[in-house]
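Residue numbers (the working numbering): 4 to 741.
Every residue, glycine too, gets a C-beta built ideally from N, C-alpha and C.
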Amino acid sequence: MQAKELAPAYSPKDTEEKIYQAWEESGYFNPDNLPPPTAEQAGNRKKTYTIAVPPPNVTGSLHMGHALNATIQDILIRKKRMEGYKTLWLPGTDHAGIATQNVVEKDLKKQGLTRHDLGREKFLEKVWEWKEKYGDIILNQFKKLGSSMDWSRTRFTMDEGYQKAVEQAFHHYHKKGRLYKAEKVINWCTRCQTSLSDLELEYKEEAGKLWYIRYPLSEVKGEKLKVKSEYVVVATTRPETMLGDSAVAVNPDDKRYQGLIGKKVLLPIMNREIPIISDEEIDATFGTGAVKVTPAHDLLDARIGEKNNLPIYKVIGQLGKMTEEAGAGFAGLKIAEAREKVVAELKNQNLIEKEENYQHNVAVCYRCGGVVEPLPSLQWFLKMEELAKLAMDAVKSGKIKFHPQSWEKVYFAWLENVRDWNISRQIWWGHQIPVFYCSKKLEKFKVKSLKFKVDEEYFIVADKKPKQCPICKECEMVQDTDVLDTWFSSALWPFATLGWPEKTKDLKEFYPTQVLSTARDIINLWVSRMIFSGLELAGEKPFTDVIIHGTILTKEGRRMSKSLGTGIDPMVLIEKYGADATRFGLIWQAMGNQDIHWDEAAVMAGKKFANKVWNIARFVLQQTSLTNDPRPTTNGHQKEDKEILEKLAETKKAVESGIDNYDFGPALHTLYDFVWHELADKYIESSKQRQDEGAQQTLNYVLLEVLKMLHPFMPHLTEEIYQDLSGKKQDFLMVETW
RNA sequence: GCGCGAUUAGCUCAGUGGUAGAGCGUUUCAUUGACAUUGAAAAGGUCGGAGGUUCGAUCCCUCCAUCGCGCACCA
4 MQAKELAPAY
14 SPKDTEEKIY
24 QAWEESGYFN
34 PDNLPPPTAE
44 QAGNRKKTYT
54 IAVPPPNVTG
64 SLHMGHALNA
74 TIQDILIRKK
84 RMEGYKTLWL
94 PGTDHAGIAT
104 QNVVEKDLKK
114 QGLTRHDLGR
124 EKFLEKVWEW
134 KEKYGDIILN
144 QFKKLGSSMD
154 WSRTRFTMDE
164 GYQKAVEQAF
174 HHYHKKGRLY
184 KAEKVINWCT
194 RCQTSLSDLE
204 LEYKEEAGKL
214 WYIRYPLSEV
224 KGEKLKVKSE
234 YVVVATTRPE
244 TMLGDSAVAV
254 NPDDKRYQGL
264 IGKKVLLPIM
274 NREIPIISDE
284 EIDATFGTGA
294 VKVTPAHDLL
304 DARIGEKNNL
314 PIYKVIGQLG
324 KMTEEAGAGF
334 AGLKIAEARE
344 KVVAELKNQN
354 LIEKEENYQH
364 NVAVCYRCGG
374 VVEPLPSLQW
384 FLKMEELAKL
394 AMDAVKSGKI
404 KFHPQSWEKV
414 YFAWLENVRD
424 WNISRQIWWG
434 HQIPVFYCSK
444 KLEKFKVKSL
454 KFKVDEEYFI
464 VADKKPKQCP
474 ICKECEMVQD
484 TDVLDTWFSS
494 ALWPFATLGW
504 PEKTKDLKEF
514 YPTQVLSTAR
524 DIINLWVSRM
534 IFSGLELAGE
544 KPFTDVIIHG
554 TILTKEGRRM
564 SKSLGTGIDP
574 MVLIEKYGAD
584 ATRFGLIWQA
594 MGNQDIHWDE
604 AAVMAGKKFA
614 NKVWNIARFV
624 LQQTSLTNDP
634 RPTTNGHQKE
644 DKEILEKLAE
654 TKKAVESGID
664 NYDFGPALHT
674 LYDFVWHELA
684 DKYIESSKQR
694 QDEGAQQTLN
704 YVLLEVLKML
714 HPFMPHLTEE
724 IYQDLSGKKQ
734 DFLMVETW
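Written out as structure tokens, the structure is:
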């Protein structure tokens with residue numbers, strides 16, 4: 004039977020959408036709907052192979068990183084599916100607390116409104132509306148790329164079951180005594196008006212000044228400071244914080260200051276007597292070696308303050324303005340204004356010894372770029388010591404492996420020095436903290452001591468407000484107004500998506516998952532937290548292999564960014580060259596763990612290659628109809644036939660081990676080379692002289708094998724060709740025997 | 001400051017202890033039957049620098065330079 008004739012050129016536009024639709028209709032993306040396994044697949048069918056997609060933010064649209072990552076995962080999933088595994092690739096999105104709230108707030112601002120004008124409930128309605136409208140955009144973009152995800156299992160980090168998982172996690176940590184609420188110095192975004200964890204900061208280089216300020220010794224009563232022995236010079240980039248100083252610190256081994264430790268200085272402007280203390284954490288080589296200590300507005304100073312029991316003067320408020328405690332002349336000023344005024348005042352008093360230009364980094368919010376101020380705030384914390392140990396052990400023991408392994412260093416470096424995790428955020432969009440306070444006792448929380456911790460008898464952890472307060476039996480309980488860090492819920496992704504804490508069939512069958520593929524910038528923000536959450540809550544590691552793929556940069560090696568206009572939209576590439584060519588271009592450049600200096604030429608090469616494969620198929624189908632005999636007979640085989648079959652076998656081996664070892668780029672290069680330069684340029688050319696049975700059989704066989712090998716990389720093209728083979732054994736190449 | 005990675009053809013990148021490879025670009029030739037999104041051929045590299053190990057180094061080691069990235073208690 005003659006196969007239907009193929010068009011002279013491959014057209015992604017006429018193919019990709021049609022094929023994707025057919026796949027979706029087949030139901031084979033869902034592991035429960037796979038067709039009966041072939042004899043070769045049967046052994047594997049008892050095993051599952053699961054990947055939970057890193058859920059993109061609902062605010063996002065697909066960028067090159069997503070496209071690369073999705074392609075990598077699709078390659079793994081498709082190969083395993085063909086090998087017979089029950090494969091599940093679970094899609095979904097993340098509610099992305101701060102990011103999403105910011106987007107909706109921006110929308111409101113156009114109408115001159117703030118979230119406070121609407122109130123919490125109305126505002127959240129708006130966010131949900133926004134999510135319903137735009138939240139699935141990115142998932143549809145995954146489809147355009149050809150991702151074989153099981154859409155029937157799509158999850159969202161705030162859907163009903165997931166909420167339960169988050170509550171359960173909170174409950175669990177609480178019962179284990181891992182949660183506490185305390186007023187500590189945390190990172191505060193003055194724009195988003197919320198706390199941030201250490202990982203949610205970025206640093207921006209800024210040209211600043213280093214001021215050398217004289218703090219007079221209080222034992223010296225003279226009006227003018229002429230002699231060096233009468234004052235201590237401290238260096239600071241932030242003179243305005245001196246209003247909150249409660250000590251001057253030097254390194255205990257610093258010979259210059261030995262005689263001064265224990266003495267006191269009179270803090271200028273504030274006229275407050277503060278001690279000179281010593282602390283090992285002070286670097287004697289910085290500035291003068293003497294440092295002003297502001298426990299409220301610096302993380303190091305906070306630690307020194309705590310060790311030495313220093314008083315805390317909170318001089319900067321949450322809006323980034325000076326507080327009452329900064330004194331009458333400064334209260335209400337913006338930080339920059341206060342800085343100027345403090346410097347002017349000090350100059351006036353001849354207390355500035357000198358000023359130097361100084362390049363330093365200032366912390367900014369990773370979501371809005373706003374200024375981040377360290378300041379004391381009452382927050383929930385998760386104790387990290389034991390969880391970090393769990394996470395480290397899993398990797399040290401080899402139960403979880405990073406690919407490439409060098410990233411384990413980054414992982415350990417963070418966990419070894421990790422601080423307790425500030426998990427509360429002062430925003431509205433997210434999982435509201437499942438804590439209910441006894442109203443009567445709530446007042447007691449409003450205390451200032453850094454050591455303050457909430458005693459359990461003041462609140463309960465519950466998913467719903469109880470009718471009666473179990474503590475005082477009379478008040479109306481109030482829920483904590485904070486929400487949880489978005490990463491607290493993301494950390495549950497691999498098991499919460501499968502139904503945890505319920506003991507669902509899916510959880511039993513598909514957890515733990517096999518692979519987690521992601522970019523390096525969220526190794527600690529997300530991966531490490533998933534690992535300890537999985538071990539601690541689900542009782543098992545969440546995955547075995549962590550793939551850290553390269554980052555896609557511009558051709559010049561710069562970060563791709565929408566705001567800088569250096570980004571490339573994968574959807575534009577798909578439109579221009581097709582999804583398969585785009586996938587090809589991505590993987591073609593994915594060599595080792597190197598960052599990719601993006602070159603669109605690789606996508607064009609992919610488009611040409613797609614056409615080449617198309618025409619190879621066209622030639623073979625013109626010659627003969629495919630019988631799909633897995634083992635060609637050796638009758639009539641000539642030297643060329645044997646050679647190409649040998650090379651085919653070598654290629655298959657290389658492609659297999661390439662995919663299995665997560666070396667996707669080299670696998671594709673090998674396959675490309677075989678198809679173009681061995682099969683097309685040499686074998687097919689020579690076979691034109693023959694057209695005998697041996698050549699036909701060989702062509703048939705090699706074509707089918709090529710389609711199979713290439714399918715994970717370029718699924719639409721290969722599927723379309725497969726559909727035209729008269730002797731195909733399965734209804735889809737997607738489920739053919741690998 | 002500590003750590004990681006890179007440095008190979010005009011561009012983007014592979015690669016190997018024994019006379020260097022791909023894609024794109026360039027040059028020449030080839031056109032009625034799979035494909036011009038093609039084929040055949042060619043030009044083009046002292047494999048960042050210096051030293052070392054070795055019979056032999058682009059590959060291993062040391063140092064240096066440049067670029068990029070991460071981390072840090074960035075006062």
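Given C475 as reference, the closest of L378, K443 and P278 once Cα atoms are compared:
K443
Taking the alpha-carbon positions, what's the F735 to Q104 distance?
43 Å
Using the Cα positions of L528 and E124, report the straight-line distance between them to the nearest angstrom.
29 Å
Backbone CA spacing between E696 and P34 [nearest angstrom]:
40 Å
Three-pair Cβ contact test at 8 Å for the region 412-428 versus the region 485-495:
yes
Close Cβ partners of K650 (< 7 Å) along its chain, the five nearest in sequence each way excluded
F677 and E681
How about L182 and N190: do their beta carbons lie closer than 8 Å?
no
Please look up how many angstroms separate the CB atoms of I526 and W410, rounded, as I've assumed it's under 8 Å.
6 Å
Check whether E328 and V318 have beta carbons under 8 Å apart:
yes
Going by CA-CA distance only, name the one from R586, R621, Q699 and I662 that's closest to I724.
R621
Check whether the region 567-583 and the region 9-28 are in contact - that is, three or more C-beta pairs closer than 8 Å.
yes
Quick check: the region 41-53 against the region 166-186, are at least 3 beta-carbon pairs closer than 8 Å?
no
T521 by DSSP, collapsed to three states: which one?
strand
Counting C-beta neighbours from all protein chains within 10 Å, is the total for K544 16 or more, i.e. buried, or is it exposed?
buried
Contact check, K258 vs I279 under 8 Å by CB: the rounded distance?
That belief does not hold up - the Cβ atoms of K258 and I279 are roughly 15 Å apart, past 8 Å.
I'd like the span of the beta strand (DSSP E) that includes H406, first residue to last.
K404 to H406
Let's test the definition: count the other Cβ atoms within 10 Å of the Cβ of T62 and tell me whether it reaches 16, buried, or not, exposed.
buried
Relative to the alpha-carbon of F405, which residue among D548, I285 and N614 has its alpha-carbon at the smallest distance?
D548
Excluding five sequence neighbours on each side, which residues of the same chain lie with their C-beta closer than 7 Å to the C-beta of L302?
V188 and P377
For a minimum of 3 consecutive residues, which ranges assigned as the beta strand (DSSP E) are wholly contained in the region 22-62?
51-55
For Q429, which of helix, strand or coil comes out of DSSP?
coil
On a CA-only basis, which of P59, E186, F546 and I216 is nearest D139? Give me that one, please.
P59
Quick check on Y414: does DSSP put it in helix, strand or coil?
helix
To the nearest angstrom, how far is it from the Cα of K467 to the Cα of F439?
9 Å
Say whether the region 145-160 touches the region 73-81, bearing in mind that this needs 3 or more beta-carbon pairs closer than 8 Å, one atom from each stretch.
yes
Report all residues from its chain with a CB closer than 8 Å to the CB of F289; omit the five preceding and five following residues, and keep chain order.
A238
Going by the DSSP bridge assignment, what does K89 pair with across the sheet?
T51
Can you give me the start and stop residues for the beta strand (DSSP E) that Q382 sits inside?
V375 to L385
In whole angstroms, what is the alpha-carbon distance linking K337 and K113?
25 Å
Give me the Cα-Cα distance between R217 and D110, rounded to the nearest whole angstrom.
49 Å
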